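Just so you know, we're using the UniProt record's numbering here: the sequence shown kicks off at 1 and counts up by one.
All C-beta atoms in this analysis are idealised placements derived from N, C-alpha and C, irrespective of residue type, glycine included.
None of the values given here were measured: they were computed from a predicted structure.
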Amino acid sequence: MMHKHLMSKCQVKISPCETCQSSQHNFLFCPKNKAKSSPLNEPKSETDQKIILSSVMNSQDKPGNFVTLLQTAKVEIQGNGSQKVMAMLLFDSGSQKSFVRSDLKQALKLKTIRKEKLLIYTFSKRQPEERIYEVVALKINSQFPPYQSINIEALASDEITGADIYANINPRLIQSILPASCLISDSYEKTNLQIQILLGADYLYNAMSGEARKIQKNLYLQPTLFGDTLIGQIFNPEDMKQMCALHVSSNAIQNDLKSLWEIDSLLMPNESPEMKPSDTLCNFGKELTITNNRYECPLQ
């Protein structure tokens with residue numbers, strides 16, 4: 001610029017101030033710009049301060065992540081002769097009688113000593129069902145030293161339970177929580193060996209050999225004549241299928257980021273495919289900046 005050159009007397013047509021439309025000064029020196037606050041310093045409305053939370057799921061443990069262990073044992077069954085068969089036994093204090101499966105009775109050729117008529121109350125039934133069962137005598141032997149045994153009378157039934165009670169349990173998980181000196185009576189492996197003997201309340205406590213010991217919050221170790229048995233709940237980490245996700249959306253943060261990216265283009269002129277010399281001269285004032293009391297403009 002020339003010395004004492006005023007914009008009001010300049011013959012070059014320069015676009016007026018974008019703020020107040022005055023031709024006396026450039027928009028960089030407009031006094032009204034000082035009164036205006038920066039977009040970054042504008043007070044945020046209540047809507048801008050709103051934070052939205054969505055897609056939240058809780059990953060806390062639920063009862064579905066626990067497996068309930070029933071009191072079971074692998075035992076040796078012996079009849080009147082010398083023939084022996086390995087079978088799975090279930091301790092059940094909720095049954096007044098003990099039962100043996102009919103196929104095990106036939107395999108050991110157990111003789112019927114008498115017949116009994118029972119009233120069977122099944123789950124959720126108010127009226128009992130009358131049935132007649134054959135009663136057989138058998139011997140249950142332990143697979144661990146000192147190989148103790150008990151003699152019982154049991155009722156022969158075609159089926160005790162068809163459920164695969166340990167289909168969703170990992171045997172390694174059981175072994176990891178057992179004490180070192182424990183002689184566990186069941187391997188908890190997924191085999192085709194179903195429950196063949198139900199030891200009811202009539203003989204159940206004859207098979208107990210000690211007091212139950214707590215090894216976890218809801219899991220107990222009960223010594224028996226046939227080995228140590230587990231009863232209660234155990235946490236199954238393989239059954240964990242939940243995840244935790246949190247999505248946070250803030251309008252205030254989004255507006256600040258938008259303003260930040262617009263800073264680079266705040267003082268840039270609007271580009272057009274074809275720039276005329278007069279357009280360049282008109283945009284010259286818009287590109288002026290003040291740094292250390294000096295005017296600076298970019299190269300054209």
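{"Check": "Three-way DSSP call (helix, strand, coil) for Arg213 in this model", "Outcome": "strand"}
{"Check": "Between the CA atoms of Asn170 and Gln78 - distance to the nearest angstrom", "Outcome": "31 Å"}
{"Check": "Contact the segment 137-146 vs the segment 107-117: 3+ CB pairs below 8 Å", "Outcome": "yes"}
{"Check": "Three or more C-beta pairs below 8 Å linking the segment 172-186 and the segment 118-130", "Outcome": "no"}
{"Check": "Beta-ladder partner(s) of Gly227, from DSSP", "Outcome": "Thr224"}
{"Check": "Cβ pair Leu155, Lys97 closer than 8 Å", "Outcome": "yes"}
{"Check": "Per DSSP, cross-strand counterpart(s) of Ile165", "Outcome": "Ile165 pairs with nothing; no bridge assigned."}
{"Check": "Reduced DSSP category for Arg131 - H, G, I as helix; E, B as strand; rest coil", "Outcome": "strand"}
{"Check": "Beta carbon of Ile195 nearer than 8 Å to that of Met86", "Outcome": "no"}
{"Check": "Continuous alpha helix (DSSP H) stretch holding Ser176: start and end", "Outcome": "Pro171 to Ile177"}
{"Check": "Ser95 versus Tyr203, Ile165 and Ser149, residue with shortest Cα-Cα distance", "Outcome": "Tyr203"}
{"Check": "Cutoff 7 Å; reference Cys30; Cβ partners in own chain excluding five residues on either side", "Outcome": "Cys17, Thr19 and Cys20"}
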